[in-house]
Amino acid sequence: MTEAGERENRELPPELRQKLEELGDYLVWRIGTTEGEEVLVVRVGLASNTPRFNELPSLRNVSERKIEELVKAGKVRVEWVE
């Protein structure tokens, strides 16, 4: 976890931090870019919806360096997969 992420984590109330950790056990996510877009796509959904991820356009792998670039530029899109 980055220093900023660790700082944010410390600022969360303990009850919220615990609930988020519990919820994390039920989530699936994919991170990458789509063809023709210079945007980091973060797809998140419940584990029970994992088959739905296969119906969406493929995401290309992206390096950690590129992830940092896109995040710093504010080029991030979060998609909830139902």
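Residue numbering for the sequence shown follows the numbering used here, beginning at 41 and increasing consecutively.
Every residue gets a Cβ at the ideal spot worked out from N, C-alpha and C, and that includes glycine.
These numbers come from a predicted model, not from an experiment.
- Residue state for V111 is assigned as helix, using DSSP reduced to three classes.
- The C-beta distance from V116 to L80 rounds to 5 angstroms, short enough to meet the 8 angstroms contact threshold.
- Check the Cα spacing between L67 and each of L86, T73, E77: the tightest is with L86.
- With contacts defined as CB atoms closer than 8 angstroms, V84 and V118 qualify as a contacting pair.
- Here T73 is buried. Its C-beta has 16 or more other C-beta atoms within 10 Å.
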